[in-house]
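**Q** Quick note on my numbering: the sequence shown kicks off at 187 and runs consecutively.
Pasting in a structure now, in structure tokens, and then I'll have a few things to ask.
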Amino acid sequence: MIDIAKITVRAGGGGNGCISFRREKFVPKGGPNGGDGGTGGNVYIVGDRSLNTLLHLKYHTTWRAKRAAHGGSNKKRGANGEDVLISVPIGTVVWRLTGDNGREALADISDAKPVMVARGGSGGFGYARFATSTHQEPILAEKGEEGEGATLLLELKLLADVGVIGQPNAGKSTLLSVCSAAKPKIAPYPFTTTDPVLGVVSSRNKDFVMMEVPGLIEGAHKGIGLGHEFLRHAERTRLLLHLLDGMSEDVLRDWRLINRELISFDIAMGKKPQFMVVNKIDIPEVAQVSPSLRKELEAQGVPVFFVSAATGEGVDILLGKVLEALDDLPKYDLKIRPDGPAIVKPRMKEAFRVTYENGVYQIYAPRVERLIPLANMKDWRVMVQLWRELQRVGAAKVLEDMGVQPGDTVRIGGVDMEWF
């Protein structure tokens, strides 16, 4: 099973604002009529119940939404970029990888509702946006904002009510096949099952989902024997059936070993409700020691059941107790995803800052910086209008407070200008 995938997403950039004046017969001084650019396409993650692995993302690792169209004359707004929807199985956790080798939880995909993971860039303002009653001939237009990008780690964690855990060859596959219509591979050698297997169990007019977690061994919490991959799926179960081989030399030792692995992987796993289920009660040697074994195991404070996965003995009693326990246990709570469709952080109010280093005043003001690529910096009228924009956002006053003088170099958007 492919249950981890790493992908790169990039939302579409916004369209540029249009540089245009109205030129029409019998309409003198038509004024600016350049429209705004469109908004870039967003990237969404969406749950798909027809998928059960992340295999389709193994070779398709880069996803890009469409860039928006530029604005047009006659105040025509550019078309928005087309969104991209990435389908994943239900139960996929989405993480954003950060630059410090960390990760940030974005969403837990529990339904088919799209979750935004990268927002498209906003469109640039066209000429018409900058026209005012006192400033009727603007010659500035904005470049479209770049879309957001991110590197995402997708981690599939299956959802089940009951998880069957235990050492290899304890009979987990046989038990699941007896309780449900699932057809896991069954063979007389360890590690027959290498992927989690789900089955729907129907008992007493009620249904629940049971999952076989492949065999765990000592050191599983360190990743030995693919332990990390297996334990990850057991995290989302409400109840654990700890299947023990009744023919083992020390059943209690086996139980303690697997429990240590659960706690070492995640301390919360050690607190998860658990039933001890001793298998192979149909074998005379196991039946003979069952009274003393039951007494020894019950001393651990965990409910104990003896079953035979091969003959079905004791299975109905076990399932009845499982149903009673599930009625009292809360549903698994998906805590990562907040309410609402948007997971990306909302855009904050436009901010700016000014620094001074090596004789150069550096202005960081995203909205004003987007005016630079489309501006004719050799036109003195453009310089005047840029100065007005710096006044509008408050950067001009900050420069004056810092002591800027005519002739000083001011840098914005990678372009050096002479202050006047």
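Note that CB positions come from ideal geometry on N, CA and C, so glycine has one too.
Out of curiosity, what's the CA-to-CA distance linking W573 and A582?
**A** Position 387 of the sequence shown holds residue 573. Position 396 of the sequence shown holds residue 582. If I take the Cα positions, the gap works out to 7 Å.
**Q** So, at 7 Å on beta carbons, what are the nonlocal neighbours of T541 in its own chain, with the 5 sequence-adjacent residues on each side left out?
**A** One-based indexing of the sequence shown puts residue 541 at position 355. Counting only Cβ-Cβ distances below 7 Å, and skipping sequence neighbours, we find Q548.
**Q** Which residues mark the beginning and the end of the alpha helix (DSSP H) in which V554 is found?
**A** Here residue 554 refers to the residue found at position 368 when the sequence shown is read from its first residue. First-last of the alpha helix (DSSP H) with V554: P552 to E555.
**Q** Does W605 come out as helix, strand or coil in the three-state DSSP assignment?
**A** Your numbering for residue 605 matches position 419 in the sequence shown. When secondary structure is reduced to three states using DSSP, W605 falls in the coil class, being assigned neither helix nor strand.
**Q** To the nearest angstrom, how far is the alpha carbon of L384 from that of L361?
**A** Numbered from its first residue, the sequence shown carries residue 384 at position 198. Numbered from its first residue, the sequence shown carries residue 361 at position 175. Whole-angstrom Cα-Cα distance: 12 Å.
**Q** Tell me which residues share the same chain as R567 and place their Cβ nearer than 7 Å to its Cβ, disregarding the 5 neighbours each side in the sequence.
**A** Translated into the one-based positions of the sequence shown, residue 567 becomes position 381. Cβ neighbours of R567 beyond the five flanking positions: I325.
**Q** Taking 9 Å as the cut-off, decide whether the C-beta atoms of L338 and W281 are in contact.
**A** Within the sequence shown, residue 338 is the residue found at index 152, counting from 1. Within the sequence shown, residue 281 is the residue found at index 95, counting from 1. Taking 9 Å as the Cβ cut-off, L338 and W281 qualify as a contacting pair.
**Q** Using DSSP's beta-bridge definition, name the partner residues of S389.
**A** Here residue 389 is taken as the residue at index 203 of the sequence shown, counted from 1. K392.
**Q** Which runs of the beta strand (DSSP E) at least 3 residues long sit entirely within the segment 424-487? Give them in chain order.
**A** Within the segment 424-487, the complete beta strand (DSSP E) runs of at least 3 residues are 425-431 and 460-465.
**Q** Put R253 into one of helix, strand or coil per three-state DSSP.
**A** Position 67 of the sequence shown holds residue 253. Correct three-state label for R253: coil.
**Q** Pull up the distance between the alpha-carbon of A293 and that of G233, whole angstroms please.
**A** Walking along the sequence shown from the start, residue 293 turns up at place 107. Walking along the sequence shown from the start, residue 233 turns up at place 47. For A293 and G233, the distance between alpha carbons rounds to 11 Å.
**Q** Out of G487, G199, I190 and V195, state which residue places its alpha-carbon closest to the alpha-carbon of R556.
**A** Numbered from 1 along the sequence shown, position 370 holds the residue referred to as residue 556. The option with the nearest alpha carbon to R556 is G199.
**Q** How many Å lie between H246 and G227 at the Cα?
**A** Walking along the sequence shown from the start, residue 246 turns up at place 60. Walking along the sequence shown from the start, residue 227 turns up at place 41. Roughly 19 Å separates the two Cα atoms.
**Q** At which residues does the alpha helix (DSSP H) containing G578 begin and terminate?
**A** Position 392 of the sequence shown, counted from the first residue, corresponds to residue 578. First, the residue type needs correcting, since residue 578 is Arg and not Gly in the sequence shown. That run of the alpha helix (DSSP H) goes W566 to V579.
**Q** Among S308, E328 and R305, which has the Cα closest to the Cα of F316?
**A** Locating residue 316 in the sequence shown gives position 130, where the first residue counts as 1. Distance check between F316 and each of S308, E328 and R305 places E328 closest, using alpha-carbon atoms only.
**Q** Tell me, to the nearest whole angstrom, how far the beta carbon of G349 is from that of V399; I am working on the premise that it is less than 8 Å.
**A** Taking the first residue of the sequence shown as position 1, residue 349 is located at position 163. Taking the first residue of the sequence shown as position 1, residue 399 is located at position 213. Confirmed, about 5 Å.
**Q** Identify whether G267 lies in helix, strand or coil by the three-state DSSP scheme.
**A** As a position in the sequence shown, residue 267 is number 81, starting the count at 1. The answer is coil: DSSP assigns G267 none of H, G, I, E or B.
**Q** Can K466 and V472 be called in contact, C-beta distance under 9 Å?
**A** Working through the sequence shown from its first residue, we reach residue 466 at position 280. Working through the sequence shown from its first residue, we reach residue 472 at position 286. Yes.
**Q** For G545 and A255, what's the separation of their Cα atoms in angstroms?
**A** Taking the first residue of the sequence shown as position 1, residue 545 is located at position 359. Taking the first residue of the sequence shown as position 1, residue 255 is located at position 69. Approximately 40 Å, taken between the alpha carbons.
**Q** Around the C-beta of T284, are 16 or more other C-beta atoms found within 10 angstroms, so that it is buried, or is it exposed?
**A** Within the sequence shown, numbered from 1, the residue matching residue 284 stands at position 98. Counting of Cβ neighbours within 10 angstroms places T284 among the exposed residues, the total staying below 16.
**Q** Which word fits Q486, buried or exposed, when buried means at least 16 other C-beta atoms lie within 10 angstroms of its C-beta?
**A** On the sequence shown, position 300 is the one that residue 486 refers to. Answer is exposed; the Cβ neighbour count stays below 16.
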